[in-house]
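The opening position of the sequence shown corresponds to residue 131 in our numbering, with each subsequent residue numbered one higher.
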Amino acid sequence: MSASDLHPNLQPMFEEVLRRNPGESEFHQAVFELIHSLTPIAGKQPEYIKWSILNRICEPERQIIFRVPWIDDSGAVHINRGFRVQFNSALGPFKGGLRFHPSVNLSIIKFLGFEQTFKNALTGMPIGGGKGGSDFDPKGRSDAEIMRFCQSFMTELYRHVGEYRDVPAGDIGVGGREIGFLFGQYKRITGHYESGVFTGKGLTWGGSQVRTEATGYGVTFFAEEMLRVKGESFDGKRVLVSGSGNVAIYAVEKVAQLGGTVVAVSDSDGVVLDEKGIDLDLLKEVKEVRRERLTEYAAARGGSARHTAGGSIWDIPCDVALPCATQNELDESGAIALVANGVRLVAEGANMPTTPEAIRVLQDAKVLYAPGKASNAGGVATSALEMQQNASRDSWDFESTEARLQQIMSDIHGRCVEAADEYGDPGNYVMGANVAAYTKVADAMVALGLI
Ligand code: GLU
131 MSASDLHPNL QPMFEEVLRR NPGESEFHQA VFELIHSLTP IAGKQPEYIK WSILNRICEP
191 ERQIIFRVPW IDDSGAVHIN RGFRVQFNSA LGPFKGGLRF HPSVNLSIIK FLGFEQTFKN
251 ALTGMPIGGG KGGSDFDPKG RSDAEIMRFC QSFMTELYRH VGEYRDVPAG DIGVGGREIG
311 FLFGQYKRIT GHYESGVFTG KGLTWGGSQV RTEATGYGVT FFAEEMLRVK GESFDGKRVL
371 VSGSGNVAIY AVEKVAQLGG TVVAVSDSDG VVLDEKGIDL DLLKEVKEVR RERLTEYAAA
431 RGGSARHTAG GSIWDIPCDV ALPCATQNEL DESGAIALVA NGVRLVAEGA NMPTTPEAIR
491 VLQDAKVLYA PGKASNAGGV ATSALEMQQN ASRDSWDFES TEARLQQIMS DIHGRCVEAA
551 DEYGDPGNYV MGANVAAYTK VADAMVALGL I
């Protein structure tokens, strides 16, 4: 990942990103992947790099960092840091989730906001890109502590968001409960019921059917499209889904509905291998209702399930792997193990879960590989459907909303394939996704003048 690996026309742009954003390794990684994919454009269509368009795209429109003080149940005071990076609004209001996790820092939020910009462009919906969050750790916190944190966070963030301005949603550590507390505080402060300021809301207060399921269902629909191109389907496939949060749970559900068997899931403590197939009802009960660890799943499931503390899920033989946990979770050794065990397809449910070295291993071995900005776009696409319903004061049923999601994933897949074909590397979903998304954002930015 050095500037010298890039087309000469593109090297100065990456060098400038390194210089302006020292120490932000995740952000560098996301930018490098995009710029590397632009090689065919750099030679043939230099109009896409003149007017410093690439430099402007790599610079967020606005970055907000703020203090979040709150009091825990014992009366102790805590200080966390809040972030919102409003990356690009050429295609629509800033749009992207909030992440609450102790690893959150500016580099992580910037890489996520950068990825979000191109992911959102690929959906074909009118949404720009942004991301936010905090280094707050929700693990083990009571509902009252979560509420006080969310209220304090929103007391600063409210002035930067709005239906036409910036529309946050969930991400790791932020689900329906947190969106409720955040939206409730926004409503109190502003004094109006602005449904379209948040997505991922509850179904009785402006939320959309399928939003909860959307990212996990979406990555599975995308993988199904990839298999279809090869004349295959999920039927009879043995599947790994890393993680056990919202994305993973609904990927497990959809894979099972399409005839595959998910044999393993994971959390930060280890891996559960369940040769009979993951019991979805039990997984939901443990993770969504009881908010417990996978060790509890294994204990309750008994016989067929085995928990390995600290193990790597990628050592388990499979046909399809869906990394649905977090960034850089699938490294080179994981990819080598997957390839050695005969994996056919890897599609990302998480954001940037595969390291650059691991991507190279998969691509060299001719494994079908889809980057998250294409394959996990179903979540934010369904957020855009939620915004449509809010704008028209309507709510759609589950079946028609799911059909819209499936069509959107098929269209995104089509855009990636078409761009990869057009620019001379058929089957390269990384290049296809990046070129299709970049040209869309760049065209809009050029049309809007020097912004
Ligand atoms: N956090 C999700 C993502 O990474 C969803 C964002 C949204 O719905 O705005 O795309």
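All residues carry an ideal CB built from backbone N, CA and C; glycine is no exception.
Under the DSSP definition of a beta bridge, which residues are partnered with residue 457? Beta-bridge analysis with DSSP links residue 457 to no other residue.
Taking DSSP's pairing of strands, which residues face residue 394 in a bridge? DSSP, once it has assigned bridges, lists 370 and 403 as partnering residue 394.
With contact counted as at least three CB pairs below 8 Å, one residue from each stretch, are the region 216 to 234 and the region 300 to 319 in contact? A contact between stretches requires three or more CB pairs, one per stretch, nearer than 8 Å, and the region 216 to 234 meets this requirement with the region 300 to 319.
Rounded to a whole number of angstroms, what is the C-alpha to C-alpha distance between residue 178 and residue 222? Looking at the two C-alpha atoms, the distance is approximately 20 Å.
Between residue 218 and residue 510, which are expected to be in contact by the criterion C-beta below 8 Å, what is the C-beta distance as a whole number of angstroms? No, residue 218 and residue 510 are not in contact; Cβ-Cβ is about 14 Å, not under 8 Å.
So residue 166 is in the alpha helix (DSSP H); what residue range does that whole segment cover? Looking at the DSSP string, the run of the alpha helix (DSSP H) that includes residue 166 is 155 to 167.
Excluding sequence positions up to five away, which residues of its chain have a Cβ less than 7 Å from the Cβ of residue 239? For residue 239, where only same-chain residues beyond five positions count, the Cβ hits under 7 Å are 213, 215, 261, 262 and 263.
Determine whether the beta carbon atoms of residue 566 and residue 549 lie at a separation below 7 Å. Yes; because the gap between Cβ atoms is below 7 Å, this pair is in contact.
Where does residue 431 land, buried or exposed, given buried means 16+ other C-beta within 10 angstroms? So residue 431 counts as buried.
Cα-Cα separation between residue 316 and residue 562, rounded to whole angstroms: Distance from the CA atom of residue 316 to the CA atom of residue 562, rounded to whole angstroms, is 39 Å.
8 Å Cβ shell around residue 145 - same chain, five flanking residues per side excluded: Result list for residue 145: 133, in chain order.
Taking the DSSP output, what are the residues bridged to residue 499? Beta-bridge pairing links residue 499 to 476.
By how many angstroms is the C-alpha of residue 147 removed from the C-alpha of residue 388? For residue 388 and residue 147, the distance between alpha carbons rounds to 43 Å.
Please report the distance separating the alpha-carbon of residue 323 from that of residue 455. One C-alpha to the other measures close to 34 Å.
The ligand GLU heavy atom lying under 6 Å from the CB of residue 198: No.
Under 6 Å: does the beta carbon of residue 226 sit that close to some heavy atom of the ligand GLU? Under cutoff, so the answer is yes.
Evaluate contact between the region 512 to 531 and the region 366 to 376, counting only Cβ atoms and requiring at least three cross-stretch pairs below 8 Å. They do not touch, by the three-pair rule.
Classify residue 581 as helix, strand or coil using the three-state DSSP reduction. In the structure shown, residue 581 sits in coil (DSSP, three-state: anything other than H, G, I, E or B).
Three Cβ pairs or more, each shorter than 8 Å: is that satisfied between the region 197 to 208 and the region 276 to 287? Touching, per the Cβ criterion.
According to DSSP, is residue 182 part of a helix, a strand, or is it coil? Note: residue 182 maps to coil in three-state DSSP.
Report yes or no: do three or more beta-carbon pairs, one from the region 326 to 335 and one from the region 242 to 257, lie closer than 8 Å? No, they do not touch.
What would DSSP say about residue 329, mapped onto helix, strand or coil? Under the three-state reduction of DSSP, residue 329 is assigned to coil, being neither helix nor strand.
Can you tell me which of 399, 420, 414 and 423 puts its alpha carbon nearest to the alpha carbon of residue 443? Nearest option by C-alpha distance: 399.
Could you tell me whether the Cβ atoms of residue 481 and residue 154 are closer together than 7 Å? No; because the gap between Cβ atoms is not below 7 Å, this pair is not in contact.
Endpoints, beta strand (DSSP E) assigned at residue 443: Careful: residue 443 lies outside any beta strand (DSSP E) and carries neither H nor E.
So the beta strand (DSSP E) residue 298 belongs to, where does it begin and stop? Note, residue 298: beta strand (DSSP E), 296 to 299.
According to DSSP, which residues form a beta bridge with residue 199? According to DSSP, residue 199 bridges with 209.
At 3 residues or longer, what runs of the beta strand (DSSP E) sit wholly inside the region 260 to 324? Entirely contained in the region 260 to 324, the beta strand (DSSP E) runs reaching 3 residues are, in chain order, 296 to 299.
Check whether residue 462 and residue 487 have beta carbons under 7 Å apart: Contact annotation: residue 462 and residue 487 have beta-carbon atoms nearer than 7 Å.
Can the beta-carbon of residue 284 be found closer than 7 Å to that of residue 312? Going by C-beta atoms, residue 284 is nearer than 7 Å to residue 312.
Classify residue 490: buried if its beta carbon has 16 or more other beta carbons within 10 angstroms, exposed otherwise. With fewer than 16 Cβ atoms within 10 Å of its Cβ, residue 490 is classed as exposed.
Starting from the Cα of residue 498, find the closest Cα among 556, 535, 538 and 519 and give me that residue. The option with the nearest alpha carbon to residue 498 is 556.
Residue 470 classed as buried or exposed, judged by whether at least 16 other C-beta atoms fall within 10 angstroms: Residue 470 is classed as exposed because its beta carbon has fewer than 16 other beta carbons within 10 Å across all chains shown.
Assess, as a yes-or-no matter, whether the region 336 to 343 is touched by the region 354 to 374 under the definition of 3 or more beta carbon pairs within less than 8 Å. Not touching, per the Cβ criterion.
Exposure of residue 156, with buried meaning 16 or more beta-carbon neighbours within 10 Å: Buried, since its Cβ has 16 or more Cβ neighbours within 10 Å.
Measure the C-alpha to C-alpha separation of residue 353 and residue 207 and round it to an integer number of angstroms. Cα to Cα, residue 353 sits roughly 46 Å from residue 207.
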